[in-house]
Every structure is written in structure tokens, then in C-alpha cells.
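Q:
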Amino acid sequence: MKDSVQQLYNGLLTCKKAVFFGGAGVSTESGIPDFRSESGIYRTVQEYGVPPEEILSHTFFVKHPDIFYQYYRNYMLHPSAVPNAAHRGLAFLERQGVLTAVITQNIDGLHQRAGSRKVLELHGSIHRNYCMDCHQSFGLDIILRGDPLPRCTRCGGLIKPDVVLYEEALDETVLSQSISQIQEADLMIVGGTSLNVYPAAGLLRYFHGDVGLVLINRDETPLDGRADLVIHHKIGEVFQRLLDFYPSSQSTTSE
Ligand code: CNA
Numbered sequence: 001m002k003d004s005v006q007q008l009y010n011g012l013l014t015c016k017k018a019v020f021f022g023g024a025g026v027s028t029e030s031g032i033p034d035f036r037s038e039s040g041i042y043r044t045v046q047e048y049g050v051p052p053e054e055i056l057s058h059t060f061f062v063k064h065p066d067i068f069y070q071y072y073r074n075y076m077l078h079p080s081a082v083p084n085a086a087h088r089g090l091a092f093l094e095r096q097g098v099l100t101a102v103i104t105q106n107i108d109g110l111h112q113r114a115g116s117r118k119v120l121e122l123h124g125s126i127h128r129n130y131c132m133d134c135h136q137s138f139g140l141d142i143i144l145r146g147d148p149l150p151r152c153t154r155c156g157g158l159i160k161p162d163v164v165l166y167e168e169a170l171d172e173t174v175l176s177q178s179i180s181q182i183q184e185a186d187l188m189i190v191g192g193t194s195l196n197v198y199p200a201a202g203l204l205r206y207f208h209g210d211v212g213l214v215l216i217n218r219d220e221t222p223l224d225g226r227a228d229l230v231i232h233h234k235i236g237e238v239f240q241r242l243l244d245f246y247p248s249s250q251s252t253t254s255e
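The numbering of the sequence shown is the UniProt record's numbering, which starts it at 1 and goes up by one.
(1) So, for M1: in the same chain, excluding its five sequence neighbours on each side, which residues have a beta-carbon less than 8 Å away from its beta-carbon?
(2) With contact counted as at least three CB pairs below 8 Å, one residue from each stretch, are the segment 7–16 and the segment 183–195 in contact?
(3) Return the chain-ordered list of same chain residues with a C-beta closer than 6 Å to the C-beta of R113, the five sequence neighbours on each side being excluded.
(4) Per DSSP, which one or two residues make a beta bridge with D162?
(5) DSSP on G236, reduced to helix/strand/coil?
(6) Can you find the residues in the same chain that come closer than 8 Å, C-beta to C-beta, to S57, ignoring five residues on each side of it along the sequence?
(7) Go through its chain and collect everything with a Cβ distance to I107's Cβ below 6 Å, but skip five positions before and after it.
(8) Whose C-beta lies closer than 6 Å to the C-beta of V214 among residues of the same chain, with five residues either side of it excluded?
(9) Output the distance between the C-alpha atoms of S254 and F61, rounded to the nearest integer angstrom.
(10) I'd like the ranges of any beta strand (DSSP E) spanning at least 3 consecutive residues and lying wholly in the segment 7–94.
(11) Classify Y130 as helix, strand or coil using the three-state DSSP reduction.
(12) Residue range of the alpha helix (DSSP H) that I179 falls in?
(13) Excluding the 5 residues flanking R154 on each side, which residues of the same chain have their C-beta closer than 8 Å to its C-beta?
(14) Going by Cα to Cα distance, which pick from Y69, S176 and H111 is closest to L203?
(15) Report all residues from its chain with a CB closer than 7 Å to the CB of G115; omit the five preceding and five following residues, and keep chain order.
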């Protein structure tokens, strides 16, 4: 891994603008399971008798909000998780002026907690919730309260998390900002994503930068062949090593 991290570091020294695109694997070292790997919730959670893609779909939310919320609270909400070295490393690179944006499929808000400012959340956030009737906004607290169905304190309407469920479209503004960031970058780092979920995974085709495409993922992905450098390793450990190359990171990245 040492040589690969050195190559990544060299790329970061050479590039003018780097962009990061990531997914659930970025947060597994913070204790949040991903969806599709061996230890992901798609394989470990069978008790509902319905595939997770169905439970996390718009149709299911509308028909069975009580079961949706049971699953969502049990498996998608991890309020005590804290950022790991990958989140901290990305925030550090942004502060250094090298990284222009984190584009994420994650909904956990850990990049912002680590200090990243430009975070494009393709699939929304557990921290934003709204009333389906009057559109009043709520934080995460109202979902964590424990009422089987979270209800609007103003009008009693059902509250929906501002996360993109299966069958729902991505936010056009977030998507177009992500495409612009990728088109303007000369180095793209992709990490902790199986690259199975479209349209998000399709974003890679907008990258034409000449410094290169770096892919950091524990397991193989269908797009490994497109990358200039592939690192099959835990992303938190990769970033921990990368940060060792930057003496100034040592005092600012310990959460
Ligand atoms: P996925 O399909 O579950 O794939 C995760 C990938 O990450 C797998 O290929 C793993 O090999 C890899 N991986 C797991 N741990 C690590 C690690 N420590 N270092 C490097 N690689 C690792 O998840 P995707 O992000 O590709 O799919 C997108 C879905 C997952 C989005 O809709 C997300 O909202 C959703 N999701 C988000 C979270 C979160 O917010 N933390 C958690 C679970 C699922």
C-alpha cells in the first residue's frame, strides 16, 4: 500500500483541482455498515422478508411508513458515529486548497462533522427532514424521538427524511454541481463505493482530467479498469497514511 499512497500523494502535489466521490465504504470505519459488502445490511438483515431496496423505496414509504421507520431507525441512523481518518483527511485536503469538493452518496453528515465545507450530497441527508403536508423542516431529533411515526408539530402531517429513496430522482442542482466539479478537476479520487448505484456511479464518465483517476475500495468494482491507480484497501487506513506525508496535518486532524 505504501507505494500506492505515495503515488496518490504525488498526484495531489501535481494537480490543480482534485475532487472526491465516495459512498458507504467511507463510513464503515466509523461503525456505519454499508449496503452491499459481506458485512453490509443487504446481506446481514433478513428479518423483514422483503429486500432492502423495496423497504427503502418511495412506494414502500408511502404504503408502510411504520415498517419503513422501524428499518430506517434500526439500520440507517447511527447518531453516535464520529468521523474517521478518511473524513478528516478529505477535510484537511480542502483546507490545503487542493480538494474542491466532496461528492457523496452518504446521508450520514460525517464529512461536514469532520470540517468539509463543500459537500454535495447526492442522496440527501438524515439530518434534514420535512413535513409532507406543510413542508416544515425538522432536524434528526424528531426522527430519533421514538414515536412510531414522526409527525409534524405544526400540522400533524407525516415527516419524511430528505433522503433519496429508490424510485426517486436525484436533486438536479446537486447533480449538475457535481458534474461541473468533476469536469473541472484534473484528479478524481473515488472511494468506498461499489459503483453499482446509478445515476451516481455514472458520474465517473464526466472525468477527463490528466493527472488521473484514483479508486480506493476494499472490494473490486466494475469500474476498476477505468482507473489509473486502484488501491484495494480500507480507505480510512489509506488516508491515515496519506496524512503522514503532510506534517501540518498532525495537529489538526485528531477528533
Ligand atoms: P455499497 O454498495 O454498500 O458499497 C460499499 C463499498 O464500499 C463496497 O464495495 C465495499 O467494498 C466498500 N467498502 C466498505 N468498507 C470500506 C472501507 N473501510 N474502505 C474502502 N472500501 C470499503 O455502497 P455505495 O455507497 O456504493 O452505494 C450507494 C448507497 C449506499 C447510497 O444510496 C447510500 O445512501 C447508501 N448508504 C449510505 C450509508 C451512509 O450514509 N453511511 C450507509 C449505508 C448505505
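By construction, the Cβ of each residue, glycine as well, lies at the ideal position given by its N, Cα and C atoms.
Owing to the predicted nature of the structure, the values given are computational and were not obtained by experimental measurement.
A: A quick look at the data gives this:
(1) I231, H233, E237, V238 and R241
(2) yes
(3) P83
(4) S125
(5) helix
(6) L165, Y166 and E167
(7) H123, G124, S125, I126 and V163
(8) L8, I189 and L229
(9) In this prediction, S254 has a pLDDT of 43, which is less than 50 and means its spatial position is unreliable; what the coordinates show is noted afterwards. Answer to the nearest angstrom: the Cα atoms are 39 Å apart.
(10) 18–22
(11) strand
(12) E172 to E184
(13) C131, C134 and Q136
(14) S176
(15) A91
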